[in-house]
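One structure is given below, encoded as structure tokens.
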Amino acid sequence: MNVKNFIVGGIVGGIAEFLLGFLFYGFLFKENFATNGQENMSFIFLGCMTFGFFISYIFNRWAGISTAVSGLKAGAIIGFFIGLHGNFFTNAMNAAPNYKLMSLDMIIMIIMSAIVGAIVGLLIGKMK
């Protein structure tokens with residue numbers, strides 16, 4: 001595994017995830033994902049960076065993904081499964097889960113992950 005590609009891909013992927021999260025959750029769909037105003041932005045940023053490094057590791061170490069198209073496809077699939085995982089556990093304690101909100105969150109997660117995957121894949125290909 002090329003360590004430089006992994007680190008750069010992880011950092012850029014994490015920052016992209018953070019900015020996309022702000023766009024989707026903090027701006028476009030703000031009304032659907034209301035908060036109490038006490039978000040811990042440090043933890044949100046660290047979570048996004050973790051996702052960026054997760055995608056970069058998979059692409060660099062296991063999948064050999066180095067194009068935007070293959071990154072987009074792989075990112076969408078990863079986003080689908082991570083979205084399902086998160087939504088199932090988030091709604092496990094709700095007596096009446098909000099299926100519309102779950103569906104919206106799944107769509108957002110797939111789109112964000114696909115974009116991050118495309119960015120990381122393209123970046124890895126350019127750094128070869």
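Residue 128, in this note's numbering, is where the sequence shown stops; the numbers in between run on with no holes.
All C-beta atoms in this analysis are idealised placements derived from N, C-alpha and C, irrespective of residue type, glycine included.
Note on geometry: alpha-carbon atoms of glycine 52 and leucine 19 lie some 12 Å from one another. Phenylalanine 51: member of the alpha helix (DSSP H) spanning 41 to 57, first to last residue. Going by beta carbons, isoleucine 82 and methionine 109 fall inside the 8 Å limit. Counting C-beta pairs closer than 8 Å gives fewer than three between the region 35 to 47 and the region 61 to 79, which falls short of the contact rule. Look at threonine 35 here: in three-state DSSP terms it is coil, with no helix or strand label. Taking 8 Å as the cut-off, the Cβ atoms of methionine 106 and asparagine 87 count as close. In the three-state reduction of the DSSP assignment, serine 66 falls in the coil class, being assigned neither a helical nor a strand state. Of the other Cβ atoms in all chains shown, 16 or more fall within 10 Å of the Cβ of asparagine 5; this residue is therefore buried. For the 8 Å CB-CB criterion, serine 70 and glycine 121 form a contact.
The beta-carbon distance between isoleucine 55 and glycine 117, rounded to whole angstroms, is 6 Å. This is short enough to meet the 8 Å contact definition.
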